[in-house]
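Below: one structure, written as structure tokens.
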Amino acid sequence: MAGVKFEQAMARLEAIVGELEKGDLPLDESLKIFEEGIRLSKNCLKVLEEAERKVEVLVQDKNGKKQLRAFSPDEDEGEEPPSL
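See the structure below:
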């Protein structure tokens, strides 16, 4: 499951939710795909957390000191970023 791409995992999660919502599956099959969904969900969360860390950027503050801050799409390019 480690080789599953994020988009593929999300598509499979959507399919699992759809199957479970129908309620047509026997209990053992429902539990099996529910467990698969939990594994996929954890994998997706891990990928998202890694992506979030990559989005952090290095910037210089007024003193020339570098600090980490999270990327904000709302910031204008010339605007001073808020300090964390």
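As numbered in numbering that gives the first Met the number 0, the sequence shown has no gaps in its residue numbers, which increase by one up to the final residue, 83.
All C-beta atoms in this analysis are idealised placements derived from N, C-alpha and C, irrespective of residue type, glycine included.
Asked                                                                                                                              : Found
On a CA-only basis, which of K53, L47 and P25 is nearest A8? Give me that one, please.                                             : L47
To which residues of the same chain is L24 closer than 7 Å at the C-beta, ignoring the five residues directly before and after it? : E18
Could you tell me the distance, in whole angstroms, from the CA atom of K45 to the CA atom of K64?                                 : 31 Å
Pop quiz: V3 and N62 are said to be a contact at Cβ under 8 Å. What is the actual Cβ separation, rounded to whole angstroms?       : Contact flag wrong, Cβ pair sits at about 45 Å.
Does DSSP put L67 in a helix, a strand or coil?                                                                                    : strand
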